[in-house]
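Just so you know, the sequence shown maps onto residues 4 to 285 in our numbering.
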Amino acid sequence: MKHIYTLFILILQFSFLSVISAQSTRDTLYPGVDLQILKMEALKKEVIQGEGIAVQLTVMNLGITTSESTRIDFWVSDSDEAMLTQDDVNSSKIIMPLKQDTKLDFSQLIVIPEEYKGKFVYITAAIDPNPRNGADPTPDNNNKFMGVKIGDPASYKDGMYTYDGAIKSFVLIKAPKKIIRNKPVKSKIIFSIKGTRAPKPGQTIDIILSKDKVLDAADALVMNFIVPPSRNGEDTEIIKEITFGKHYAKGKSYIFAVMRSGKWNDPDSKNDASGPIKIKLK
Numbered sequence: 004m005k006h007i008y009t010l011f012i013l014i015l016q017f018s019f020l021s022v023i024s025a026q027s028t029r030d031t032l033y034p035g036v037d038l039q040i041l042k043m044e045a046l047k048k049e050v051i052q053g054e055g056i057a058v059q060l061t062v063m064n065l066g067i068t069t070s071e072s073t074r075i076d077f078w079v080s081d082s083d084e085a086m087l088t089q090d091d092v093n094s095s096k097i098i099m100p101l102k103q104d105t106k107l108d109f110s111q112l113i114v115i116p117e118e119y120k121g122k123f124v125y126i127t128a129a130i131d132p133n134p135r136n137g138a139d140p141t142p143d144n145n146n147k148f149m150g151v152k153i154g155d156p157a158s159y160k161d162g163m164y165t166y167d168g169a170i171k172s173f174v175l176i177k178a179p180k181k182i183i184r185n186k187p188v189k190s191k192i193i194f195s196i197k198g199t200r201a202p203k204p205g206q207t208i209d210i211i212l213s214k215d216k217v218l219d220a221a222d223a224l225v226m227n228f229i230v231p232p233s234r235n236g237e238d239t240e241i242i243k244e245i246t247f248g249k250h251y252a253k254g255k256s257y258i259f260a261v262m263r264s265g266k267w268n269d270p271d272s273k274n275d276a277s278g279p280i281k282i283k284l285k
């Protein structure tokens with residue numbers, strides 16, 4: 004029994020010393036709640052205007068009391084000296100209650116405004132004080148600040164910033180050998196995105212009428228339409244009726260489907276146009 008009692012005392016002493024050692028690694032253990040943003044980093048090095056960027060954060064409660072649910076606000080600015088107000092909050096995140104010495108890792112998607120013109124965008128994260136947590140003993144560690152480079156979409160080919168729409172195929176559906184003018188014929192276009200970002204508003208597909216197999220400035224625009232919503236790496240089938248008016252000359256011609264990239268620079272224009280389809284207008 005004496006040996007068991009001695010072993011029990013040694014275990015208690017070891018446990019007590021372990022607790023003291025764990026607490027001695029920090030400068031101060033505050034009563035109440037003490038939330039802190041330990042780390043904030045972007046999950047990629049560059050971003051472009053209008054794009055979302057994921058930001059990874061680590062938040063910890065350094066106090067001895069479990070925190071209440073707390074909101075973290077995010078601001079975006081094009082200046083590292085911008086005055087941030089509550090009206091300018093880009094997005095917010097509610098984090099769960101945290102016990103003493105508990106860490107929480109999470110990510111937040113931050114959308115970069117399209118009007119930014121600078122070389123960098125600046126992201127600020129700040130803990131919004133919850134009155135139920137009481138006064139924060141260390142408010143200076145409640146925020147983090149970082150800058151992310153703004154990239155140029157035109158400088159990345161087949162990369163994360165590419166807007167590369169492509170016309171994979173263009174055919175007429177059950178079209179007669181001679182197409183009667185002013186009478187619609189059905190067409191099918193297979194559109195694909197070879198880049199990694201979906202098309203933005205302003206991209207269109209033109210149907211072009213040409214006298215030969217080569218596209219040039221003398222060709223006629225028969226119709227155009229907005230590119231429909233599409234997913235990266237997937238084909239989108241587009242069915243359209245085409246009507247050739249009486250003002251187009253009778254006889255042999257060629258038609259093309261051509262994608263126009265709008266305000267976005269297309270890194271590979273070679274896949275923007277279909278091959279020619281030979282037709283005869285009557």
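Glycine included, each C-beta is placed from N, C-alpha and C at the ideal position.
On the DSSP bridge assignment, give the partners of residue i in chain order.
{"i": "S312", "result": "It is not possible to answer for residue 312, since the shown part of the chain is limited to 4 through 285."}
{"i": "K147", "result": "A128"}
{"i": "M43", "result": "L60"}
{"i": "I229", "result": "T207"}
{"i": "A223", "result": "L212"}
{"i": "I115", "result": "DSSP lists no partner for I115."}
{"i": "K191", "result": "V174 and I242"}
{"i": "S256", "result": "I282"}
Roughly how many angstroms lie between the CA atoms of residue i and residue j, to the nearest whole one?
{"i": "T246", "j": "K281", "result": "15 Å"}
{"i": "A178", "j": "P187", "result": "10 Å"}
{"i": "K171", "j": "S277", "result": "7 Å"}
{"i": "I196", "j": "K181", "result": "33 Å"}
{"i": "K96", "j": "Y119", "result": "24 Å"}
{"i": "A223", "j": "G168", "result": "22 Å"}
{"i": "N144", "j": "G53", "result": "30 Å"}
{"i": "S233", "j": "T239", "result": "6 Å"}
{"i": "G254", "j": "F228", "result": "26 Å"}
{"i": "E244", "j": "L112", "result": "41 Å"}
{"i": "K249", "j": "I51", "result": "46 Å"}
For residue i, which residues in the same chain have their Cβ closer than 6 Å to its Cβ, ignoring the five residues on either side in sequence?
{"i": "T105", "result": "N64"}
{"i": "I192", "result": "F173, I241 and A260"}
{"i": "E49", "result": "K152 and G154"}
My assumption, with CB atoms under 8 Å, is that residue i sits in contact with residue j. Please give the rounded CB distance.
{"i": "I67", "j": "I130", "result": "Incorrect: roughly 18 Å between the Cβ atoms, too far for contact."}
{"i": "V62", "j": "A45", "result": "In fact, because the Cβ distance is near 17 Å, the residues do not count as touching under 8 Å."}
{"i": "I40", "j": "S72", "result": "With a Cβ gap of about 16 Å, I40 and S72 do not count as contacting."}
Could you give the residue range of the beta strand (DSSP E) that holds residue i?
{"i": "N93", "result": "V92 to I98"}
{"i": "A169", "result": "G168 to I176"}
{"i": "D238", "result": "D238 to I245"}
{"i": "T88", "result": "Per DSSP, T88 belongs to no beta strand (DSSP E) and is neither H nor E."}
{"i": "D76", "result": "T73 to S80"}
{"i": "I282", "result": "I280 to L284"}
Leaving out the 5 sequence neighbours to the left and right, which residues in its chain are closer than 7 Å to residue i when beta-carbon positions are compared?
{"i": "S70", "result": "V36, L38, N64, P100, L101 and N136"}
{"i": "D91", "result": "W78"}
Starting from the C-beta of residue i, find all residues in its chain whose C-beta is less than 8 Å away, skip the five residues before and the five after it, and write them out in chain order.
{"i": "K285", "result": "K181, I182, I183, R184 and K253"}
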